[in-house]
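Here's the structure we're looking at; comments come further down.
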Amino acid sequence: MANESQPTTGLYKETLLAGLWRENPVFRLLLGMCPTLAVTAAVKPALTMGLCVIFVLVCSNIIVSLMRNLLKPHLRILMFTLTIATFVTIADLFLKAFALTMSETLGPYVPLIIVNCIIICRAEACASKNGLIVSVIDALGMGVGFTLTLCVLAAIREVLATGMIFEVQVMPDAFVPWAAMGMPVGAFITLGLMLGLVNLTNKKKAKSSCHEV
Amino acid sequence: MLKIKHFIQESWLLIVASFAFGLLIAVASASLDARIKQNEKDKLDNLMKSLISDANDFQIAIEQAEIPGDRGRVETTDVYKALGEDGGVIGFAFVAVGAGFADKIKLVIAVDGKCEKFFGFKVLSSNETPGFGSKIKDDDPESDVDFADQFKGAPAQEFELIKTGKLEVIKKIDSQIVAISGATVSSDAVVKIFNMYTDKIREQLRQKGLIGDGK
Amino acid sequence: MLKDIRVSCSPHISERLSTRSVMIDVIIGLAPAMAAAGYYFRIHALILICTCVISSVAAEWLCNAIRKKPNSLDDFSAVVTGIILALSLPPNLPVWVAVIGSVFSIAIGKMVFGGLGANIFNPAMVGRTFLTASFGVLMTSWMVPVTIDSEIAKIDPDNKIKAVAEEGLVHARTRATPLAWSKQAIKSELGADLYSEEQFKATLTGEVGGSLGETSAIALLLGGLYLLIRRTINFHIPLAILVSAFIFGAIAYLIDSYSYVQPLYHLSSGGLLLCAFFIATDPVTAPLTRRGMWIFGIGVGMLTMLIRIVGEYPEGVMFSILLMNAVTPLIDRLCKRIPAGGKPSA
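Just so you know, the protein sequences line up as chains A, B and C, in that order.
The letter at position 213 of the first sequence is residue 213 when you use my numbering, and the numbering goes up by one with no holes.
The letter at position 208 of the second sequence is residue 1208 when you use my numbering, and the numbering goes up by one with no holes.
The letter at position 265 of the third sequence is residue 2265 when you use my numbering, and the numbering goes up by one with no holes.
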């Protein structure tokens, strides 16, 4: 657990990197599956979703971390949800004002960030127990990890389903798009295969580190 | 008394936070509201423009026209008039709302200046099943068998939904609308929206003297 | 003398029945259909079957290598999957699509579940479904058997309707599959009576448009019969499928004989026979008990006919197999054998 009075740069780095790989919200914690499956048909909506989640995650972690000593244990989930809902509403309004088409593409999945487990998990597991700086770094790590994962997943699906990335043609003209990859089935299969791959590499790593010790 | 004290003790943070967050949202909403409204208006203008391509400008003809819907509910909508090059009215457009398969369907419907023929419709917002009901949105200029194409130039009267695969029926412009296969509910919803609004809008336009009484 | 007698508990199997021998039997059973495909589609059949088999085997080898599991190629199950997939594909499908289908069949349909015996769905049908969902156009562009006069082959559905009106006769063997024909009849673009006697005969011999291995009913029946005689498959599932499909086809035919083709035509066309004898009988994905097999077979037949008659697709075999595969564990639970001595009291 973080020692607030003597925070070290090593701890910050550790916290930041945890979200990116070791405790990657999608691959390792299996949180936030709903947006992961729903908005990854193309990179653009995936990136927008990721940025929204980063914003909400950072804001809610700041607020929760600041009021962590005032929280009553039995009312804490209520407080978390209230905080998250506030920032999600703001993000939603912001999208509607400045990126109307994207807001329409994402549809109900922006308001659904409220129930995204990653955010409430980080509020509970990190922000309500740690200081401001650690909480922010944790939120950034987790948010960026989530966004990157979503983008990788979306890139694979978008290339196969349309031959494009960011709506720019990358495949030769002869490429016949795999329509199924743009459908929900493509999301499940791609995510499943990626999870398998991550598990495989982690297993190997664990084995080699065992040998070293 | 003790109870109230206990209550406050436990929940003061919640109450304070609720007010603070409410204020935050109010501020955000107030500052972004104008832009959101403008976005919606731009979108509506674009859709109306794409329906009535000759129009130069759109102005509100009837503000908050009341359309009695089913079960005693009243929908209100603004009716816009489309002004042509010479400033004459060449058509009317309005937003129509009705229940779809999964969620409300909002359409922009355009009729000509005499309220006799439709220019067609565009979907303002809908949440129909992708691949089936979502086909009400399909509007490929190349193809002439899109669902929406059946309304282009159709007479402004009651529509009837029929089910057939015959191409010539789909292509023929009349008051028979061929349902999208696999999406009868969504197709029916669109037809119902048309039927609900057409007569009442015409009625109101007549009352305002914007169109002749048809005699 | 006594030392030759071995004591073991049941089951006492006298015959050496291995996965390998079953799979070889299935391959022999599929031989007539492959031969018919080779006769009607020539080089296309050869290319497609070889592609599917080679890429299935390669995919299986690769998956085993990645998972560091012992090689399972020698049970020939990958070969069978490849052949069945090839036989269910349109003859002029590009090679790369067939490769994707085979790899998908083996990797996603079988190996991710843990290999043969652990898969929930029939691998070949999983692959085919993915191809149908991804490459809808390629998967429904049929070619005509090379044995058909090329002049006749040029008649396409549009001018065929005209030809019908003019001559009152339609030639059976053209681009659209028999089932696409009957679908058009249902959509009342043309009457089901156009589905002539001649067309029915064509579906028996296989001189008709369709997937590589499902055009010739006789070849499939021959293969199925071989498997039945060899006791490689039980008669329950095929019989249940065919009977229920016939009954549901007959109901539709009796209600409206103008729109719906005769039930016999339904049996002989499309993938129903291939499915009944070779796909539905897959021991891994079908129920174990006899009662379960009946339920499974009736379900497949019923769903197939529902999709063919009511649904959007002309052919429903693939979906009905997958749907019934999904409920197979439930059927098995429902039809548990009661051990000798009755149900154990609770």
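Each residue gets a CB set at the ideal place from its N, CA and C atoms; glycine is no exception.
Simplified DSSP state of residue i, which is helix, strand or coil
i               : result
T2285 (chain C) : coil
Q2262 (chain C) : coil
F1119 (chain B) : strand
E2207 (chain C) : coil
M79 (chain A)   : helix
Y109 (chain A)  : helix
D1078 (chain B) : strand
D1086 (chain B) : coil
P73 (chain A)   : helix
I1060 (chain B) : strand
G1113 (chain B) : coil
P2123 (chain C) : helix
V2007 (chain C) : coil
G1209 (chain B) : coil
I1052 (chain B) : coil
I165 (chain A)  : strand
A1096 (chain B) : strand
G32 (chain A)   : coil
A42 (chain A)   : coil
V2164 (chain C) : At V2164 (chain C), the pLDDT of 40 sits below 50, so the modelled position is not reliable and the matter cannot be decided from this model.
E1203 (chain B) : helix
L2089 (chain C) : coil
V170 (chain A)  : coil
E1066 (chain B) : strand
V1108 (chain B) : strand
G2341 (chain C) : coil
G131 (chain A)  : coil
G2117 (chain C) : coil
G1091 (chain B) : strand
Sequence-distant residues of the same chain with beta carbon closer than 7 angstroms to residue i, five excluded per side
i               : result
V1108 (chain B) : L1044, L1047, M1048, L1051, A1093, V1095, F1121, K1122, L1124
C151 (chain A)  : V43, A46, L47, G50
F2135 (chain C) : V2097
A2165 (chain C) : Reliability fails at A2165 (chain C), whose pLDDT of 37 lies under 50, so the model's placement of it is uncertain and no value is given.
P2263 (chain C) : F2246, G2249, A2250, Y2253
Same chain only: Cβ atoms within 8 angstroms of residue i, ignoring 5 sequence neighbours per side
i               : result
M2293 (chain C) : N2234, H2236, I2237, A2240, A2286, P2287
V170 (chain A)  : V159, G163, M164
D2332 (chain C) : P2287, L2288, T2289, G2292
R22 (chain A)   : R28
V2079 (chain C) : M2023, I2027, V2053, S2056, V2057
I1162 (chain B) : V1169, Q1176, I1177, V1178, A1179
A187 (chain A)  : T36, L37, A38, T40, A41, L153, R157
Same chain only: Cβ atoms within 6 angstroms of residue i, ignoring 5 sequence neighbours per side
i               : result
K2160 (chain C) : Because the pLDDT at K2160 (chain C) is just 44, under 50, the model does not fix this residue reliably, and the point stays unresolved.
F2277 (chain C) : G2224, P2238
A1110 (chain B) : L1051, I1052, G1091, A1093, F1119
G2029 (chain C) : G2223, Y2226, L2227
D2025 (chain C) : R2230, T2232
D1217 (chain B) : Any property of residue 1217 (chain B) remains undetermined from this structure, which presents chain B solely from 1001 to 1215.
E1066 (chain B) : V1074, T1076
Interface flag, residue i vs chain F, CB-CB below 8 angstroms
i             : result
L16 (chain A) : Protein chains in the displayed structure are A, B and C, and chain F is not among them.
Cβ-heavy atom distance, residue i to the ligand ZN, below 7 angstroms
i               : result
L2212 (chain C) : With respect to small molecules bound, the structure shown includes none, and the ligand ZN cannot be examined in it.
*Short-range partners of chain C found in the stretch 187 to 199 of chain A, where Cβ spacing is below 9 angstroms*: Listed in sequence order: I189, G192, L193, G196.
*Compile a chain-ordered list of the residues in the stretch 67 to 98 of chain A whose CB is closer than 9 angstroms to at least one CB of chain B.*
Answer in chain order: M67, L70, L71, K72, H74, L75, L78, M79, L82, T83, A85, T86, F87, T89, I90, L93, F94, K96, A97, F98.
*Can you list, in chain order, the residues of the stretch 125 to 151 of chain A whose Cβ is nearer than 7 angstroms to any Cβ on chain B?*
Taking 7 angstroms as the Cβ-Cβ cut-off against chain B, none of the residues of the stretch 125 to 151 of chain A qualify.
*Where in the stretch 1125 to 1193 of chain B do unbroken runs of the beta strand (DSSP E), each at least 3 residues long, occur, reported from the N-terminal end onward?*
Taking only runs of at least 3 residues, the beta strand (DSSP E) segments lying wholly in the stretch 1125 to 1193 of chain B are 1160 to 1162, 1176 to 1178.
*Should the stretch 57 to 76 of chain A be regarded as contacting the stretch 95 to 110 of chain A, the criterion being three or more beta carbon pairs within less than 8 angstroms?*
In short, these stretches do not touch, since the Cβ pair count stays below three.
*Does the count of Cβ pairs from the stretch 2212 to 2228 of chain C and the stretch 2023 to 2035 of chain C closer than 8 angstroms reach three?*
The stretch 2212 to 2228 of chain C is in contact with the stretch 2023 to 2035 of chain C.
*Using a beta-carbon distance cut-off of less than 7 angstroms, what residues from the stretch 25 to 43 of chain A approach chain C?*
In summary, no residue of the stretch 25 to 43 of chain A has a CB separated from any CB of chain C by less than 7 angstroms.
*When the Cβ atoms of the stretch 2039 to 2048 of chain C are set against those of the stretch 2080 to 2091 of chain C, are three or more pairs found closer than 8 angstroms?*
Counting Cβ pairs under 8 angstroms, three or more are found: they touch.
_alpha helix (DSSP H) segments (min. 4 residues) lying fully within the stretch 2026 to 2069 of chain C_ = For the alpha helix (DSSP H) assignment, the uninterrupted runs of no fewer than 4 residues enclosed by the stretch 2026 to 2069 of chain C are, from N- to C-terminal side, 2043 to 2067.
_I want to know whether the stretch 1167 to 1187 of chain B touches the stretch 1073 to 1087 of chain B - three or more CB-CB distances under 8 angstroms._
Because the criterion of three Cβ pairs below 8 angstroms is not met, the stretch 1167 to 1187 of chain B and the stretch 1073 to 1087 of chain B do not touch.
*Taking only beta carbons into account, state which residues of the stretch 2117 to 2134 of chain C come closer than 7 angstroms to chain A, listed in chain order.*
Cβ contacts with chain A come from F2130, A2133, S2134.
_Using a Cβ-Cβ cutoff of 8 angstroms, what residues of the stretch 1008 to 1019 of chain B are near chain A? List them in chain order._
E1010, S1011, L1013, L1014, A1017, S1018: these are the residues of the stretch 1008 to 1019 of chain B whose beta carbon lies less than 8 angstroms from some beta carbon of chain A, given in chain order.
*Do the stretch 2094 to 2109 of chain C and the stretch 2258 to 2270 of chain C touch if we need at least three Cβ pairs shorter than 8 angstroms?*
These segments do not touch.
*Proximal residues, the stretch 2094 to 2110 of chain C versus chain A, C-beta separation under 7 angstroms*: Those would be I2108, in chain order.
*For the stretch 2213 to 2255 of chain C, which segments carrying the alpha helix (DSSP H) assignment without a break, of at least 4 residues, lie completely within its bounds, in sequence order?*
If only uninterrupted alpha helix (DSSP H) runs of at least 4 residues are considered, those enclosed by the stretch 2213 to 2255 of chain C are 2217 to 2229, 2236 to 2255.
_Between the stretch 172 to 182 of chain A and the stretch 90 to 99 of chain A, can you find at least three pairs of beta-carbon atoms closer than 8 angstroms?_
No: the two stretches stay apart, fewer than three of their Cβ pairs being nearer than 8 angstroms.
*asked:* For the structure I just gave you, are there three or more beta carbon pairs, one from the stretch 59 to 69 of chain A and one from the stretch 131 to 139 of chain A, closer than 8 angstroms?
replied: With a cut-off of 8 angstroms, the stretch 131 to 139 of chain A and the stretch 59 to 69 of chain A count as touching, because enough Cβ pairs lie within range.
*asked:* Suppose only complete runs of 4+ residues qualify. What are the alpha helix (DSSP H) ranges in the stretch 2286 to 2325 of chain C, listed by chain order?
replied: Every alpha helix (DSSP H) stretch that sits fully inside the stretch 2286 to 2325 of chain C and reaches 4 residues is listed by chain position as 2290 to 2309.
*Report the residues of the stretch 46 to 63 of chain A with a CB closer than 7 angstroms to any CB of chain B, ordered along the chain.*
Result list empty, no residue passes.
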